[in-house]
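The structure appears below as C-alpha cells.
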Ligand SMILES: Nc1ncnc2c1ncn2[C@@H]1O[C@H](COP(=O)(O)OP(=O)(O)O)[C@@H](O)[C@H]1O
Ligand code: SF4
Ligand SMILES: [Mg+2]
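Protein chains in written order, with this note's numbering: chain A, 43 to 376; chain B, 806 to 1159.
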C-alpha cells in the first residue's frame, strides 16, 4: 500500500461463524468478509458502523480471540500466525466495551492489572511487581489506595481505567479499543477519550478505535473506516470523511450526527435510511448496501464493488460514485 | 465570596449564591472516599450471619457435631455393648424408658451409694444404651453424607468444568454420557451392586467389614451416579461465566487455559458449587437412611439413623420414643442443612446484593 512500514497491515480478513439453522444444517455467518486496512505507528484508525456490522469481530480476530477464517495480518512487518501469536500478545492488547463484565469480580485491582505481568513474567520480585502496578495506576489516574479493592466498588469510568491499565501493563504498540466509552456517561466519556489521546502522545501506541458515536471517533481518529455488514465501504482521513463522505452509507451515517449549531442543522438535509440492516446470514448479493441504497441500480446486485482509491488516501466501495458525487452538493455536512 | 455576584432580589425564590462557599481541598477529598473495602467472601458471610434461619441451622449443626464428637468420651457405654450385671447380661435392662434404671442397677446404686450414668434415651431390646447408639448412628449418617458429597463434589466439578470449558463436540459427548447415567434407576443399581459386592468382599476385614458391603456400594453408587447433577450445574455455570469479557481479556493477555479456569472461571462458579454441596449432604443422608431402613445400610451392630428407625418399627406401639429419637435427629440434620443451603444461596447470590 505504501513504502512506509505499517504497524498493522490487515489483508482480506475473513471471519465466518458456523451457525446451526435447524436440523443439522450449518451456514457460515459472514461477520467479517474481506476487510483490509493499515495502521501506522502511533496512529488511530476509527472504525464505525451500525451495531452488528462486525466491528467487534474485526478487533477480536486480530487478537486471535477467534481463529480467522481467512486473510493475513502483518504486525510490524511480521506475518501473524498461531505460532508467533503468544509472543506478539505482549505487543497488542484490547480494551473491552463493557466495563462491568470485563473485570473479574473476584480479583483485586492489583491482581487484575498484575495478571499480564504474571503471565509474561515481567518482574523479578514482589516489590517490582507492586511498583509497576502502582505506576500503571497512576498513568490512568487511579489512586494507589485503590489497589486492594475489588472491581465492583468502582464506577464505570474508573473500571474502564482499570481495563486500560491492564492493557498497558505489557507496554503494547497497538491497542484495540472496542467501544471503550459507549457504556459510560457522556460527562465521563470525554475524560476517558482525552486520556486515550494523552496516552498515545506519551507512549506512541496505535489504536484501532471502534465506536458507533461518530463525534467521539472524529475527535480521536486520524483516519476513519466505515463498515457495513462485514465489509469496509469507505476509508479516509477523519476530516475528509466528515467533509466529503462519498459512499451513500457513510453519507447517511454522517447526516445523522447531531450538529451543535441549530442554524446549520436546520439547513442540513438528513438522509433517513429505510429498512433494517439485513442479517449477515443471508446478505444481499452484490453490494451489501443495495437493499437500502437510494442510488441502487441493477448492476449493484450483480457484483461486489471493490474498495477503490478515489482520491489520494480516500477509498470507497461503490459502483455509482458519480451519483454519489452529485449528491455532495445536496447534503450540507458539518 | 467574590463581589461580582449578582445581587439577590429579596423576593426571588432563586437560591442565594452568597450562602455557598467553595469547598476546601480536604472537603473535595471526601468525595473520593469509598466504602470500606471488603472481599466478596467476607461480605457474603456477613450477610449469612444476618439471616436468622441460617444462624439457627449453624447453631443446631454445631451442637449436633459437639455431641457426636464428645458424647462417646463421656458416656460410659458402648454402642454394641449389652449392659451387664455381675458379669452376666442384665435381663432387667431391656427396653428401658428414657432416664430410668433397671431393677439390678437400682439395687446396685442403693447398695454402693453411687449414681450410675443415666440412660438418656433408655435402652433397646438387647439392653444396649440407646443414646450412644443414636450418637453413633448420627456419626455414621453424617459421615456418609459428608463423604458421599465429597465424591460428588470432586467428580462433578472436574467433569462439569472440562465439559463446559472445552465446549463444542467434547461437551456434546460428555453431556450425552451424563444423560445416560441420569436415566439409570439408582435404587436398583444400589441393590444389585450390594448383592454383587457381598459376594466379592465377603471375608474382607478392616473398615470395609465394619461398615459393611452395603455402605461400600452406597459410596460407589454416589461416585458413579450422583455426580451428574453437580456436573450439569457446574457446566451450565461455566458456560455462562465463560461468556464474560474478563475471560476474553485473560485470553488476549495470553493466559493459559489452566490458569483461566483456576483464576477466572472456577472462583466465579464457587457459590453454585458451595450451595449444591451443602444441599447434597442432606440428600445423601436421606438416601443412606432410606437404604438402611429397607435393610441395605450399614452392617449390624453398627447403627445408622435409618437402621435404628427400622428396628424401632417392630415395637412402635410400646416404645414410640425409640422411633422418635433417630427420626427427629434425621429431620433436624436435614432441615438444618437445607436451611443453611438456602441461606448460603441468598448470601452468595450477587444479584441479591444491595
Ligand atoms: N461468537 C459468535 N458466534 C456467532 N456469531 C457471532 C459471534 N460473534 C459475533 N457474531 C455475529 O457477527 C455479527 C457481527 O457482530 P459484532 O462483531 O459483535 O458486531 P458489532 O461489534 O459491530 O456490533 C453479528 O451478526 C453477530 O451476531
Ligand atoms: S454499489 Fe450500488 S447499492 Fe452499493 S452503495 Fe453503491 S450505488 Fe448503492
Ligand atoms: Mg461490538
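Backbone N, C-alpha and C fix where the C-beta goes; we use that ideal spot for every residue, glycine too.
Exercise. Pull up the distance between the alpha-carbon of residue 896 of chain B and that of residue 1137 of chain B, whole angstroms please.
Key: Position 91 of the second chain, counting from 1, holds the residue named residue 896 of chain B. Position 332 of the second chain, counting from 1, holds the residue named residue 1137 of chain B. Rounded to the nearest angstrom, the two C-alpha atoms are 33 Å apart.
Quiz item: Is there a Cβ from chain B that is less than 8 Å from the Cβ of residue 135 of chain A?
Solution: As a first step, residue 135 of chain A is located in the first chain; it is residue number 93 there, counting from the start. Judged by the 8 Å Cβ criterion, residue 135 of chain A is in contact with chain B.
Quiz item: In angstroms, rounded to a whole number, what distance separates the CA positions of residue 938 of chain B and residue 875 of chain B?
Solution: As a working note, residue 938 of chain B is residue 133 in the second chain. As a working note, residue 875 of chain B is residue 70 in the second chain. Taking the CA atoms as reference points, residue 938 of chain B sits about 14 Å from residue 875 of chain B.
Exercise. Compute the distance between the beta-carbons of residue 1144 of chain B and residue 858 of chain B, then report whether it is under 8 Å.
Key: Within the second chain, the letter at position 339 stands for residue 1144 of chain B. Within the second chain, the letter at position 53 stands for residue 858 of chain B. Yes, the Cβ-Cβ distance between residue 1144 of chain B and residue 858 of chain B is below 8 Å.
Exercise. Report back the beta-carbon spacing between residue 181 of chain A and residue 210 of chain A to the nearest angstrom; my notes put them in contact at under 8 Å.
Key: As a first step, residue 181 of chain A must be located in the first chain, where it is residue number 139. As a first step, residue 210 of chain A must be located in the first chain, where it is residue number 168. Residue 181 of chain A to residue 210 of chain A, Cβ: 7 Å. Contact.
Self-check item: Residue from A:85, A:54, A:55 with nearest C-alpha to residue 244 of chain A
Solution: Position 202 of the first chain, counted from the first residue, corresponds to residue 244 of chain A. Ranking A:85, A:54, A:55 by Cα distance to residue 244 of chain A puts A:85 first.
Quiz item: If you count every other CB in all the chains shown that lies within 10 Å of the CB of residue 318 of chain A, and 16 or more means buried, which is it?
Solution: Here residue 318 of chain A refers to the residue found at position 276 of the first chain. It is exposed - the Cβ of residue 318 of chain A has fewer than 16 other Cβ atoms within 10 Å.
Practice problem: Would you tell me roughly how many angstroms separate the C-alpha atoms of residue 373 of chain A and residue 183 of chain A, rounded to the nearest one? | Solution: Reading the first chain from its first residue, position 331 is the one you call residue 373 of chain A. Reading the first chain from its first residue, position 141 is the one you call residue 183 of chain A. With a pLDDT of only 45 at residue 373 of chain A, under 50, the local geometry of the prediction cannot be trusted, and no value is derived from it.
Quiz item: Which residues in chain B sit within 7 Å of residue 222 of chain A, going by Cβ to Cβ distance?
Solution: Along the first chain, one-based indexing puts residue 222 of chain A at 180. In chain order: nothing, as chain B lies at least about 12 Å away.
Quiz item: Do residue 342 of chain A and residue 328 of chain A come within 8 Å of each other at the CB atom, strictly closer than that value?
Solution: For this step, residue 328 of chain A is matched to residue 286 along the first chain. For this step, residue 342 of chain A is matched to residue 300 along the first chain. Yes.
Quiz item: Is residue 219 of chain A near ligand 1, going by C-beta to nearest heavy atom under 7 Å?
Solution: Working through the first chain from its first residue, we reach residue 219 of chain A at position 177. No, since every heavy atom of ligand 1 falls outside the 7 Å radius drawn around the Cβ of residue 219 of chain A.
Quiz prompt | chain B contact for residue 62 of chain A (CB, 8 Å cutoff) | solution = Sequence index remark: in the first chain, residue 62 of chain A carries index 20 (1-based). With 8 Å as the cut-off, residue 62 of chain A does not count as an interface residue toward chain B.
Quiz item: Between the Cα of residue 308 of chain A and the Cα atoms of A:316, A:297, A:315, which residue gives the shortest distance?
Solution: Here the question's residue 308 of chain A lines up with position 266 in the first chain. The option with the nearest alpha carbon to residue 308 of chain A is A:297.
Exercise. Indicate the three-state DSSP secondary structure (helix, strand or coil) for residue 135 of chain A in the structure shown.
Key: Start at 1 with the first residue of the first chain, and residue 135 of chain A comes out as number 93. Of the three classes helix, strand and coil, the one that applies to residue 135 of chain A here is strand, per DSSP.
Quiz item: Helix or strand or just coil, what does DSSP make of residue 284 of chain A?
Solution: Translated into positions along the first chain, residue 284 of chain A becomes position 242. Residue 284 of chain A: helix per DSSP, three-state reduction.
Quiz item: Is the beta carbon of residue 268 of chain A less than 8 Å from the beta carbon of residue 90 of chain A?
Solution: Here the question's residue 268 of chain A lines up with position 226 in the first chain. Here the question's residue 90 of chain A lines up with position 48 in the first chain. Yes, the pair counts as a contact, with Cβ atoms nearer than the cut-off.
Quiz prompt | Beta-ladder partner(s) of residue 267 of chain A, from DSSP | solution = What you label residue 267 of chain A is simply residue 225 of the first chain in a count that begins at 1. Residue 267 of chain A pairs with A:89, A:277.
Quiz item: Out of curiosity, what's the CA-to-CA distance linking residue 132 of chain A and residue 177 of chain A?
Solution: In the first chain, the residue the question calls residue 132 of chain A occupies position 90. In the first chain, the residue the question calls residue 177 of chain A occupies position 135. Their backbone Cα atoms lie some 18 Å apart in a straight line.
Quiz prompt | Helix, strand or coil at residue 904 of chain B according to DSSP, with G and I counted as helix | solution = Residue 904 of chain B sits at position 99 when you count from the first residue of the second chain. Coil, per DSSP.
Quiz item: So, does the CB of residue 140 of chain A fall closer than 8 Å to a CB anywhere in chain B?
Solution: Mapped onto the first chain, residue 140 of chain A falls at position 98. Answer yes: the Cβ-Cβ gap between residue 140 of chain A and chain B drops below 8 Å somewhere.
Quiz item: Between residue 362 of chain A and ligand 2, is the CB less than 7 Å from at least one heavy atom?
Solution: To locate residue 362 of chain A, count along the first chain from 1; it is residue 320. Yes.
Quiz item: What residues from chain A crowd round residue 1051 of chain B, counting only those whose CB sits closer than 7 Å?
Solution: On the second chain, residue 1051 of chain B is found 246 positions in, with the first residue counted as 1. Here the neighbours are 143, 144, 145, 146.
Quiz item: Rounded to the nearest angstrom, how far is the Cβ of residue 251 of chain A from that of residue 205 of chain A, given a contact under 8 Å?
Solution: For the purposes of this step, residue 251 of chain A is taken as residue 209 along the first chain, with counting starting at 1. For the purposes of this step, residue 205 of chain A is taken as residue 163 along the first chain, with counting starting at 1. Between residue 205 of chain A and residue 251 of chain A the Cβ distance is about 14 Å, and since that is not below 8 Å, they are no contact.
Self-check item: Helix, strand or coil at residue 142 of chain A according to DSSP, with G and I counted as helix
Solution: In the first chain, residue 142 of chain A corresponds to position 100, counting from 1. Coil at residue 142 of chain A, not helix or strand.
Self-check item: Any non-hydrogen atom of ligand 2 within 7 Å of residue 289 of chain A CB
Solution: As a position in the first chain, residue 289 of chain A is number 247, starting the count at 1. Checking the Cβ of residue 289 of chain A against ligand 2 gives yes.
Quiz item: Within the 8 Å Cβ cut-off, does residue 105 of chain A reach chain B?
Solution: Counted from its first residue, the first chain places residue 105 of chain A at position 63. Yes, its Cβ sits closer than 8 Å to a Cβ of chain B.
Self-check item: Neighbour list for residue 157 of chain A in chain B, Cβ cutoff strictly below 8 Å
Solution: If you number the first chain from 1, residue 157 of chain A lands on position 115. Within 8 Å Cβ-Cβ: 1055, 1058, 1060, 1068.
Quiz prompt | Selection from B:1071, B:951, B:882, B:985 that minimises the alpha carbon distance to residue 1088 of chain B | solution = One-based indexing of the second chain puts residue 1088 of chain B at position 283. Taking only the C-alpha atoms, the option nearest residue 1088 of chain B is B:951.
Self-check item: Range covered by the alpha helix (DSSP H) that runs through residue 112 of chain A
Solution: Within the first chain, numbered from 1, the residue matching residue 112 of chain A stands at position 70. Element bounds for residue 112 of chain A: not the alpha helix (DSSP H) but the beta strand (DSSP E), 112-117.
Quiz item: Near residue 344 of chain A, what residues of its chain come up, given a Cβ to Cβ distance below 8 Å and the 5 sequence neighbours on each side ignored?
Solution: The residue labelled residue 344 of chain A in the question sits at position 302 within the first chain. 327, 328.
Quiz prompt | Rounded C-alpha distance that separates residue 235 of chain A from residue 1140 of chain B | solution = Translated into positions along the first chain, residue 235 of chain A becomes position 193. Translated into positions along the second chain, residue 1140 of chain B becomes position 335. Taking the straight line from one Cα to the other gives about 56 Å.
Self-check item: Outcome for residue 161 of chain A when other beta-carbon atoms lying within 10 angstroms are tallied against a minimum of 16
Solution: Position 119 of the first chain, counted from the start, is the residue given in the question as residue 161 of chain A. By the neighbour-count rule (16 or more Cβ atoms within 10 Å), residue 161 of chain A is buried.
Quiz item: Just how far apart, CA to CA, sit residue 1132 of chain B and residue 928 of chain B?
Solution: Within the second chain, numbered from 1, the residue matching residue 1132 of chain B stands at position 327. Within the second chain, numbered from 1, the residue matching residue 928 of chain B stands at position 123. The alpha-carbon atoms of residue 1132 of chain B and residue 928 of chain B are separated by roughly 16 Å.
Exercise. In the DSSP assignment, find the beta strand (DSSP E) that holds residue 78 of chain A and state where it starts and stops.
Key: Mapped onto the first chain, residue 78 of chain A falls at position 36. Taken as a continuous stretch (DSSP letters only), the beta strand (DSSP E) holding residue 78 of chain A covers 67-81.
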